[in-house]
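Engineer: I am attaching a structure below and will ask some questions about it afterwards.
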Amino acid sequence: MKLLVTGGAGFIGSNFVMYMLQQHPDYQIVNVDALTYAGNLENLKSIEGNANHTFVKADITNAQAIDQLMQQGIDVVVNFAAESHVDRSILEPEVFVKTNVLGTQVLLDAAKKYGVTKFVQVSTDEVYGTLGETGLFTEETPLQPNSPYSASKAGGDLLVRAYHETFGLPVNITRCSNNYGPYQFPEKLIPLMISRALSDQQLPVYGDGLNIRDWLYVEDHCSAIDLVIHQGKIGEVYNIGGNNERTNVHIVKTILAELSKPESLIAYVEDRPGHDRRYGIDPTKTMNELGWKPKHSFETGIKETIRWYLDNKEWWTRIQSGAYQEYYAKQYGSRM
Ligand code: NAD
Ligand code: DAU
Numbered sequence: 001m002k003l004l005v006t007g008g009a010g011f012i013g014s015n016f017v018m019y020m021l022q023q024h025p026d027y028q029i030v031n032v033d034a035l036t037y038a039g040n041l042e043n044l045k046s047i048e049g050n051a052n053h054t055f056v057k058a059d060i061t062n063a064q065a066i067d068q069l070m071q072q073g074i075d076v077v078v079n080f081a082a083e084s085h086v087d088r089s090i091l092e093p094e095v096f097v098k099t100n101v102l103g104t105q106v107l108l109d110a111a112k113k114y115g116v117t118k119f120v121q122v123s124t125d126e127v128y129g130t131l132g133e134t135g136l137f138t139e140e141t142p143l144q145p146n147s148p149y150s151a152s153k154a155g156g157d158l159l160v161r162a163y164h165e166t167f168g169l170p171v172n173i174t175r176c177s178n179n180y181g182p183y184q185f186p187e188k189l190i191p192l193m194i195s196r197a198l199s200d201q202q203l204p205v206y207g208d209g210l211n212i213r214d215w216l217y218v219e220d221h222c223s224a225i226d227l228v229i230h231q232g233k234i235g236e237v238y239n240i241g242g243n244n245e246r247t248n249v250h251i252v253k254t255i256l257a258e259l260s261k262p263e264s265l266i267a268y269v270e271d272r273p274g275h276d277r278r279y280g281i282d283p284t285k286t287m288n289e290l291g292w293k294p295k296h297s298f299e300t301g302i303k304e305t306i307r308w309y310l311d312n313k314e315w316w317t318r319i320q321s322g323a324y325q326e327y328y329a330k331q332y333g334s335r336m
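Written out as structure tokens, the structure is:
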């Protein structure tokens with residue numbers, strides 16, 4: 001099988017490429033990534049020289065480049081490429097629409113032209129909006145995105161749906177909860193708090209810190225996508241989540257305790273505009289139809305993740321420079 005994986009130099013994409021080469025050593029993977037601030041070829045060091053992995057630097061909004069890649073005969077497209085950070089989407093929505101909506105459309109057109117056997121759109125629970133104190137997102141929950149990021153992901157999802165309904169393109173959409181694990185860019189909650197705590201910097205917790213996210217170890221997301229590729233029923237949406245709801249402040253306190261750092265590092269800061277209160281995924285369909293089950297509990301996963309950041313300090317200190325510093329100054333000004 002030959003896969004075109006987009007965004008394979010980012011956090012989940014790179015974990016997925018490594019996972020697939022391990023699970024299916026005979027598969028060929030063409031990995032296309034524009035190497036934005038979030039793309040990092042260092043993530044793929046362990047598979048350097050693997051003849052079944054080809055990296056191509058290209059932008060998914062570049063129709064000519066994507067057409068050329070698809071000409072070589074791709075069986076399955078797995079679309080991870082996206083602008084992925086909610087806070088950045090509040091500062092600069094335009095690039096989110098370009099990549100997450102137009103980029104998806106470019107990929108769909110090429111997939112349609114060359115007749116792939118499946119197009120998998122890697123999406124997010126954020127397209128469903130926010131939950132109150134009870135209930136869970138199912139695949140039938142209406143889309144009610146609240147941030148420019150989630151609206152752009154919902155736009156991509158709707159195009160995927162439309163290409164299935166209108167052109168008969170064989171598609172699946174996956175909607176996963178918050179991932180954590182190795183190679184996550186240190187702008188996202190868990191790696192941001194680990195890296196800042198290690199340098200005794202204040203930890204910016206938005207609002208009252210009681211917003212809830214449903215956390216899943218990245219490898220468990222990858223195993224679910226693998227099952228969707230092989231067994232997902234054409235045209236279906238699959239929710240992926242580990243039933244691990246935690247408040248943000250609980251996550252931050254867990255990290256501080258694990259690193260033996262004081263809770264006085266926590267700084268409650270102005271809330272994120274449009275901040276979704278609670279996410280909670282109902283993964284019953286994915287578990288029952290595809291036999292998927294997460295392997296990692298949150299308690300062991302978070303420990304392994306903290307250990308990874310302790311062991312790979314060079315990886316995150318190298319990327320915490322230049323463009324990242326500029327973004328951070330814009331986001332927090334002189335507040336932190
Ligand atoms: P990430 O920001 O770490 O990686 C995104 C990758 O896409 C980067 O390598 C970047 O260079 C690449 N990219 C961005 N724009 C591109 C373009 N125009 N052309 C080609 N490549 C481009 O993101 P992530 O956290 O790994 O998320 C991957 C996917 O999974 C996204 O689609 C995201 O919406 C989805 N998702 C993420 C989470 C999560 O918790 N991180 C949860 C559910 C779904
Ligand atoms: O739910 C899936 C989504 O999870 C993915 O689609 C997104 O790509 C991914 O970025 C993530 O979005 P979140 O907004 O939930 O993740 P983030 O790590 O930015 O924030 C997690 C929670 O922590 C959220 O409630 C905001 C809060 N937070 C975040 C940061 C960066 C803070 O309190 N302080 C911070 O500095």
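UniProt numbering applies: residue 1 is where the sequence shown begins, and numbers increase by one. Don't be surprised by glycine CBs; every beta carbon is placed ideally from N, CA and C. In this text, all values refer to a predicted model and were calculated from it rather than measured experimentally.
Should lysine 188 be listed as close to the ligand DAU, given that the test is whether its C-beta is under 7 Å from any heavy atom?
Structural biologist: yes
Engineer: Where glutamine 320 and glycine 168 are concerned, what is the direct C-alpha to C-alpha distance, given to the nearest angstrom?
Structural biologist: Their backbone Cα atoms lie some 44 Å apart in a straight line.
Engineer: Are serine 195 and proline 182 close, meaning C-beta to C-beta below 8 Å?
Structural biologist: no
Engineer: Just to confirm my understanding: we take histidine 275, look at its own chain, exclude 5 residues before and 5 after, and list those with CB closer than 7 Å. What are they?
Structural biologist: Tyr206, Gly207 and Asn211
Engineer: Under 7 Å Cβ to Cβ from cysteine 176, same chain only, skipping five residues before and after it: list those, please.
Structural biologist: Thr124, Asp125, Leu216, His221, Ile240 and Gly241
Engineer: I need the straight-line Cα distance from tyrosine 114 to methionine 70, nearest angstrom please.
Structural biologist: 7 Å
Engineer: Helix, strand or coil, according to DSSP, for glutamine 121 in the structure here?
Structural biologist: Secondary structure at glutamine 121: strand, using DSSP grouped into helix, strand and coil.
Engineer: When you compare the CB positions of valine 30 and isoleucine 74, do they come within less than 8 Å of one another, or not?
Structural biologist: Contact flag set, yes.
Engineer: Determine contact between the region 258-275 and the region 225-232, defined as no fewer than three beta-carbon pairs at a distance below 8 Å.
Structural biologist: no
Engineer: State the Cα-Cα distance for the pair arginine 246 and arginine 161, rounded to the nearest angstrom.
Structural biologist: 31 Å
Engineer: For lysine 261, which three-state DSSP category applies?
Structural biologist: coil
Engineer: Does the distance from the C-beta atom of valine 77 to that of valine 116 stay below 8 Å?
Structural biologist: Going by beta carbons, valine 77 and valine 116 fall inside the 8 Å limit.
Engineer: Would you kindly work out how many angstroms separate the C-alpha atoms of threonine 104 and methionine 287, rounded to a whole number?
Structural biologist: Approximately 27 Å between the Cα atoms of the pair.
Engineer: On the criterion of 16 or more Cβ atoms from any shown chain inside 10 Å, does serine 260 qualify as buried, or is it exposed?
Structural biologist: exposed
Engineer: Sorted by chain position, which residues of the same chain lie with C-beta nearer than 8 Å to glutamate 133's C-beta, five sequence neighbours on each side aside?
Structural biologist: Excluding sequence neighbours, glutamate 133 sits near Arg278.
Engineer: Applying the criterion that 16 or more other CB atoms from any shown protein chain within 10 Å of the CB defines a buried residue, is glutamate 83 buried or exposed?
Structural biologist: buried
Engineer: When we look at the beta-carbon of serine 199 and count the other beta-carbons within 10 Å, is it buried (16 or more) or exposed?
Structural biologist: exposed
Engineer: Looking only at its chain, what residues have a beta carbon closer than 7 Å to the beta carbon of asparagine 146, apart from the 5 residues adjacent to it on each side?
Structural biologist: Residues of the same chain with a CB within less than 7 Å of the CB of asparagine 146, apart from the 5 flanking positions on each side, are Gly129, Thr130, Gly274 and Asp276 in chain order.
Engineer: Are leucine 3 and tyrosine 19 close, meaning C-beta to C-beta below 8 Å?
Structural biologist: no
Engineer: Taking 8 Å as the cut-off, does the region 84-95 touch the region 139-158 (at least 3 CB pairs, one atom from each stretch)?
Structural biologist: yes
Engineer: Apart from the five residues just before and just after tyrosine 149, which ones in its own chain have a Cβ nearer than 6 Å to its Cβ?
Structural biologist: Val86, Ser89 and Phe96
Engineer: Would you give the residue range spanned by the beta strand (DSSP E) that glutamate 245 belongs to?
Structural biologist: Glutamate 245 -> beta strand (DSSP E) spans 245-247.
Engineer: Give the straight-line distance between the Cα atoms of leucine 256 and alanine 197, rounded to the nearest whole angstrom.
Structural biologist: 7 Å
Engineer: Could you compute how far the alpha carbon of threonine 61 sits from the alpha carbon of threonine 99?
Structural biologist: 6 Å
Engineer: Name, in chain order, the residues that DSSP records as bridge partners for alanine 151.
Structural biologist: Per DSSP, none; premise fails for alanine 151.
Engineer: Note down the Cα distance separating lysine 233 from threonine 284, rounded to an integer number of angstroms.
Structural biologist: 15 Å
Engineer: Can you list, in chain order, the residues of its chain with a C-beta nearer than 7 Å to that of serine 297? Leave out the 5 residues immediately preceding and following it.
Structural biologist: none
Engineer: Check the C-beta distance from valine 5 over to leucine 44 and give it rounded, since I have them as a contact under 8 Å.
Structural biologist: About 11 Å separates the two Cβ atoms, so there is no contact after all.
Engineer: Please report the residue range of the alpha helix (DSSP H) in which tryptophan 316 lies.
Structural biologist: First-last of the alpha helix (DSSP H) with tryptophan 316: 313-319.
Engineer: Cβ-heavy atom distance between valine 122 and the ligand PLP below 7 Å?
Structural biologist: Within the structure as shown, the ligand PLP is missing, the only ligands being the ligand NAD and the ligand DAU.
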